[in-house]
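Note that the UniProt record's numbering has the sequence shown beginning at 1, numbered continuously upward. Note that beta-carbon positions come from the ideal geometry of N, C-alpha and C, so glycine has one too.
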Amino acid sequence: MSGTGGGKRPSGGDSPPGPPEKKNKKEEKNTTTTTTTTLIEPIRIGGVSSTEEMDLKVIQFKNKKLCERLEQRQAMEDELREKIEKLEKRQATDDTTLLIVNRYWSQLEANVSVMRQRIKPAVFLATLDHSGEEELALQLQDRMQFSKEAIACLVCVFDRLHSHINSLCRYVHEAASEDDPHSDVFGMNRALLEENSRRQDLASFLQGRHHKMSLEYNELVDKVMSSETKVSEMETTVEDLQWDIEKLRKREQKLNKHLAELNSGYNSTTSSGGLPGGQITLNIQKFESLNAELEQNQELANSRMAELEKLQLELQEAVRESEKLKMDLRNIPEEVVKETPEYKCLQSQFSLLYNESLGVKTQLDEARALLLTAKNAHLRQIEHMESDELSLQKKLRTEVIQLEDTLAQVRKEYEMLRIEFEQNLAANEQAGPINREMRHLISSLQNHNLQLKGDVQRYKRKLRETQLEINKLRCQSGDSGSMLRAELKKAQESQKEMKLLLDMYKSAPKEQRDKVQLMAAERKSKAEVDELRVRVRELEERERKESKKLADEDALRKIRVAEETIDHLQKKLAATKQEEEALLSEMDVTGQAFEDMQEQNSRLLQQLREKDDANFKLMSERIKSNQIYKLLKEEKEELADQVLTFKTQVDAQLLVVQKLEEKEGVLQSSLAALEKELAVRTQALELNKRKAVEAAQLAEDLKVQLEHTQAKLKEIQVAVAENRTARERESGNLKRAQEDLSRLRRRLEKQKKVETRYDTRQRKCPKCNCAFGANDFHRIYIT
1 MSGTGGGKRP
11 SGGDSPPGPP
21 EKKNKKEEKN
31 TTTTTTTTLI
41 EPIRIGGVSS
51 TEEMDLKVIQ
61 FKNKKLCERL
71 EQRQAMEDEL
81 REKIEKLEKR
91 QATDDTTLLI
101 VNRYWSQLEA
111 NVSVMRQRIK
121 PAVFLATLDH
131 SGEEELALQL
141 QDRMQFSKEA
151 IACLVCVFDR
161 LHSHINSLCR
171 YVHEAASEDD
181 PHSDVFGMNR
191 ALLEENSRRQ
201 DLASFLQGRH
211 HKMSLEYNEL
221 VDKVMSSETK
231 VSEMETTVED
241 LQWDIEKLRK
251 REQKLNKHLA
261 ELNSGYNSTT
271 SSGGLPGGQI
281 TLNIQKFESL
291 NAELEQNQEL
301 ANSRMAELEK
311 LQLELQEAVR
321 ESEKLKMDLR
331 NIPEEVVKET
341 PEYKCLQSQF
351 SLLYNESLGV
361 KTQLDEARAL
371 LLTAKNAHLR
381 QIEHMESDEL
391 SLQKKLRTEV
401 IQLEDTLAQV
411 RKEYEMLRIE
421 FEQNLAANEQ
431 AGPINREMRH
441 LISSLQNHNL
451 QLKGDVQRYK
461 RKLRETQLEI
471 NKLRCQSGDS
481 GSMLRAELKK
491 AQESQKEMKL
501 LLDMYKSAPK
511 EQRDKVQLMA
521 AERKSKAEVD
531 ELRVRVRELE
541 ERERKESKKL
551 ADEDALRKIR
561 VAEETIDHLQ
571 KKLAATKQEE
581 EALLSEMDVT
591 GQAFEDMQEQ
601 NSRLLQQLRE
611 KDDANFKLMS
621 ERIKSNQIYK
631 LLKEEKEELA
641 DQVLTFKTQV
651 DAQLLVVQKL
661 EEKEGVLQSS
671 LAALEKELAV
681 RTQALELNKR
691 KAVEAAQLAE
701 DLKVQLEHTQ
711 AKLKEIQVAV
721 AENRTARERE
731 SGNLKRAQED
741 LSRLRRRLEK
751 QKKVETRYDT
761 RQRKCPKCNC
771 AFGANDFHRI
781 YIT
């Protein structure tokens, strides 16, 4: 008989669902494996006497399958948790890097705020809102490039201005040294200026070197980040491959189990020669189909590994190309930048900005005038607020006085109402006995309610006790359930052992079975011999009795026949004893052979396990060696890339040296031209000197004025802050006063409503519903 739980199922249904990254792979595998679906043989439960035993065996098989599924599910959950933790860590690092980038970018935009105003950032942000992801990336890239170019242009302009100022100072000092008698002081000044310029050149050189070093460091950091991303990608691929390997291993284990079951079934069919040969051919066909499926899965795994290696090589080539392109972008020559239309546009924009700065100065003067007017207006507003506050305080005082008057009136009315209440009490004293009866009834009802409450509490206590007993009984039932489960497990284990013994007996050869049959026959013969002995004894007793009674020839004949039968039976008994001894010796030999076979099987199983462990170790060592080889290969490629970058840097430095030499020649020629121009400019030097002195005096005056205005501005800011705090306090006081007023108004309105309600109420009899006055009363009879 076959159980209900062991029906025919496709082999793809045993494997658990894969992680979300592997849905596409699973779909591809499903498409490939749909053509080669294999059917598993139904599981044989064995001989069953009743439906209860069959249900128990089916439930045991289902529990076994559910345990396997649960173990697989737990392993998958652990793997997914590890992946989630890794992804969260990666997201945290990405968030920190993004925060740093945004912070520095905001600093850069703050430093170049003038350029941003020129670009119209509001329009730019509006365009960003209506654009997609690719357009956003392009626009942000253009903006970054534009900001870089703008900053470079500003730096060049400042360098030119600085060089121009230095040349002017040099000309002034040379003219002053030729005219004035204090030549030593001017010489010292010139030496200090030269040293200052040399120091500035050295500082600029060091800044350039630091910039280069920072660029190299950024490149190395990018390489490290790329290598880390590669490592993370490789780790993900390794995890995917491990997942595939585990999946294949589980499938292999299942197939091994099915093969073992098929082999046991095959042996049982061969031992019991009653079954037809069609079942054997079916099992062989299923075994061949399973082997074909295994080979297909191995081929698929090999092809996926080859595809992964190809993709990895393509990724490495793409990373190299991107790094080369980055280097080309970073090392753009100055001449190309100067010839670009953006650079010319920036020059024109700089001139426009200079004109705008002059306009901004005029606007600043206007703003100062506006600030003075605003200050005066603020002072006027404060005076108005103070006058308003005084008027509000006066109003508050008048309202408080009015409220006190109303309170006195309310108290008088309260006294009047109290007097009326006392009069009503005196009028209602006549209804005393009725009230007493009502009170007595109410007290009896209250006592009854108290008794009911006591009963309720007692029942609640009983309920709690019963709940505690129920919980104890549940705990006891849980303990007994656990004991029963343990006994069930022991029974299942003993059943498994009995099954194993049965399988061993089924798988035993035919000779051992013949021996077992001989032993059974021997037992039967022993039983027959015992019966014959009993009969012989009975016959002897009968013979003795008959010999006493009869001494005839017939009796003698019977005695002889009986003696002959006894001798024959004794001979048979001796032969059966000899056969029994031979059979016992044969049984001992077969038992020893069986034990030897079991020992050989255990040894073979141990050898197989050792071989599997060795194979797994070799596989892990091979994977580790492949990983080390790949890492060494990547390091070699990185070193080659570094050598190439260093070569390109050396070539660029040589080109820079050549350009500097050419510039030196140009500068020497320009120096000769400048010496010629010096004679022409000596006349203008005196005028420039006077203008410089006047400009210095003006600058000092302006500095003094600026400091004075800054001090005034600080004082004004402090005064504005104090005024703001005072206004906030005043507004808070006003709000509190308004809240108090609203509260008092509500109280007054409530008091008025109570008075009107009290004046307009109608008294009615509860029995006849007739209106009556203050002094009227009706009799009420309570039954």
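Proximity below 7 Å, CB of residue i to CB of residue j
| i | j | result |
| --- | --- | --- |
| residue 237 | residue 308 | yes |
| residue 534 | residue 566 | no |
| residue 539 | residue 574 | no |
| residue 788 | residue 255 | Nothing about residue 788 can be read from this structure; the chain reaches only from 1 to 783. |
| residue 786 | residue 400 | The question about residue 786 has no answer, for the chain in this structure spans 1 to 783. |
Distance between beta carbons of residue j and residue i, contact taken as under 8 Å
| i | j | result |
| --- | --- | --- |
| residue 320 | residue 651 | About 19 Å separates the two Cβ atoms, so there is no contact after all. |
| residue 389 | residue 730 | 6 Å |
| residue 392 | residue 734 | 7 Å |
| residue 241 | residue 297 | Rounded, the Cβ-Cβ distance is 14 Å, inconsistent with contact. |
| residue 250 | residue 72 | 7 Å |
| residue 192 | residue 169 | Going by Cβ atoms, the distance from residue 192 to residue 169 rounds to 12 Å, so no, they are not a contact pair. |
| residue 713 | residue 406 | 54 Å between Cβ atoms; not a contact. |
Environment of residue i [buried if 16+ CB atoms lie within 10 Å]
| i | result |
| --- | --- |
| residue 453 | exposed |
| residue 159 | exposed |
| residue 244 | buried |
| residue 258 | buried |
| residue 171 | buried |
| residue 676 | exposed |
| residue 153 | buried |
| residue 98 | exposed |
| residue 57 | buried |
| residue 23 | In this prediction, residue 23 has a pLDDT of 42, which is less than 50 and means its spatial position is unreliable; what the coordinates show is noted afterwards. Exposed is the call here. |
Sequence-distant residues of its chain with Cβ nearer than 8 Å to residue i (five each side left out)
| i | result |
| --- | --- |
| residue 222 | 323, 326 |
| residue 351 | none |
| residue 157 | 350 |
| residue 755 | 413 |
Close-in-space but distant-in-sequence residues of the same chain around residue i (CB under 7 Å, 5 per side omitted)
| i | result |
| --- | --- |
| residue 27 | Confidence is the limiting factor: at residue 27 the pLDDT is only 43, short of 50, which leaves the residue's position unreliable and the question unanswerable from this model. |
| residue 403 | 744 |
Other residues of its chain near residue i: CB distance less than 6 Å, five sequence neighbours each side excluded
| i | result |
| --- | --- |
| residue 282 | Caution applies to residue 282, whose pLDDT of 45 falls short of 50 and renders its modelled position unreliable; the model cannot decide the point. |
| residue 21 | Reliability fails at residue 21, whose pLDDT of 44 lies under 50, so the model's placement of it is uncertain and the value that follows must be treated cautiously. Nothing meets the Cβ criterion. |
| residue 623 | none |
Between the stretch 390 to 399 and the stretch 732 to 744, do at least 3 Cβ pairs fall closer than 8 Å? With the cut-off at 8 Å, the stretch 390 to 399 and the stretch 732 to 744 touch.
When you compare the stretch 595 to 602 with the stretch 203 to 210, are there three or more beta-carbon pairs, one atom per stretch, that lie closer than 8 Å? Contact between the stretch 595 to 602 and the stretch 203 to 210 is not established, with fewer than three Cβ pairs separated by less than 8 Å.
Inter-stretch contact at 8 Å, needing at least 3 Cβ pairs: the stretch 366 to 383 / the stretch 713 to 729: Using a Cβ-Cβ distance cut-off of 8 Å, the stretch 366 to 383 and the stretch 713 to 729 are in contact, since at least three pairs of beta carbons, one from each stretch, lie closer than that value.
Hey, is the stretch 703 to 717 in contact with the stretch 347 to 362, meaning 3+ C-beta pairs nearer than 8 Å? Using a Cβ-Cβ distance cut-off of 8 Å, the stretch 703 to 717 and the stretch 347 to 362 are not in contact, since fewer than three pairs of beta carbons, one from each stretch, lie closer than that value.
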